[in-house]
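The structure under discussion appears below in the form of structure tokens.
Protein chains: 2
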Amino acid sequence: MGSKLFTAGLVLALGAGCAFSAIAQVKPEVLVDQRIAAMRLQGKYLFPLVPMAQGKAPYDAAMVARNAGYLDVLIRLAWDGFDPGTQGVKSRALPEIYAEPAKFKAAQETMFTEMNKFVAAARSSNEANAKAGIGDVLKACNGCHDTFRQKAQ
Amino acid sequence: MGSKLFTAGLVLALGAGCAFSAIAQVKPEVLVDQRIAAMRLQGKYLFPLVPMAQGKAPYDAAMVARNAGYLDVLIRLAWDGFDPGTQGVKSRALPEIYAEPAKFKAAQETMFTEMNKFVAAARSSNEANAKAGIGDVLKACNGCHDTFRQKAQ
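Line by line, the protein sequences are chains A and B. Taking the numbering used here, the leading residue of the first sequence gets 52, the next gets one more, and so forth. Taking the numbering used here, the leading residue of the second sequence gets 52, the next gets one more, and so forth.
As structure tokens, this is what we get:
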């Protein structure tokens, strides 16, 4: 690889506020933007499945399996952005995240558990279980938001 | 699943501007925000690998494999957001995306090809190939941006 390419990459990395290794070195504003980005993409791929699970839209097994695979990654991306150093940045994250870390961690584990079940059902084309899984994943989203995210104004 | 849960999900889905099925029904502003979200997360997981590939940071095989898996999903998420209806929304996307669709598609295919090679190397812990792959993936990013994204001001 040419050094020019890598210089360009390095400038990009520095420009984006990405540290060489430790996540803690990334600017708080960047961490918040990355958290919001993860949440936004979770919505992109989860919300269209909800009417399918409700029987209000035709069930699309291929879309459900694809989105499940995407969501299985996307639900892992926000957690390391909840660094105490981000508390001064405007966002809907509540102080309870840092005051109740064990409860926050438990909410995370619940999401991983529900996502694992949903992904297994979606990949094996088990429509009934996948539909239930969509509801359970959404419940895990809302269960965490109820305690740790400010309500929309 | 209770109907209350699903009603909540439905309200969320509508609130986020997500249509029940067709991506074309999603508001242009939402599509642009989702594109930016995907790009932002690609940066989160690619940029920290660049100094490793350059030999300027210690090579962390576990992080490289993890990030490769995330990136393998993340590089697939922006493309359907480049809907002609988004051209009125402020972003760095250039009109060439819609004027040269075959070239834009080719840039996408290049990214998929390079990512497949990188993921294979990262998962098999082939350090030399993974390092080369990081550079080739970055080159695929820049190759598309050079033609289809406005330069940063």
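Glycine included, every Cβ here is placed at the ideal spot set by N, Cα and C.
Identity of the residues DSSP links to residue i by a beta bridge
i                     : result
residue 143 (chain B) : Residue 143 (chain B) pairs with nothing; no bridge assigned.
residue 200 (chain B) : B:144
Listed by chain order, chain B residues near residue i by CB distance under 9 Å
i                     : result
residue 124 (chain A) : 120, 121, 123, 124, 125
Chain-ordered neighbours of residue i on chain A, where CB pairs are closer than 9 Å
i                     : result
residue 128 (chain B) : 92, 95, 96, 121, 125
Near the ligand PLP: residue i beta-carbon under 7 Å from a heavy atom
i                    : result
residue 76 (chain A) : Of ligands this structure carries none, so the ligand PLP is not represented either.
Residues from the segment 84 to 99 of chain A in contact with chain B, defined by Cβ distance under 9 Å: Those would be 84, 85, 87, 88, 89, 90, 91, 92, 94, 95, 96, 97, 98, 99, in chain order.
Ranges of the alpha helix (DSSP H) found wholly within the segment 143 to 191 of chain B, counting only runs of at least 4: DSSP runs (the alpha helix (DSSP H)) wholly in the segment 143 to 191 of chain B: 147 to 150, 152 to 174.
Ranges of the alpha helix (DSSP H) found wholly within the segment 66 to 129 of chain B, counting only runs of at least 4: With a minimum length of 4 residues, the continuous alpha helix (DSSP H) runs that stay inside the segment 66 to 129 of chain B are 79 to 97, 101 to 105, 112 to 125.
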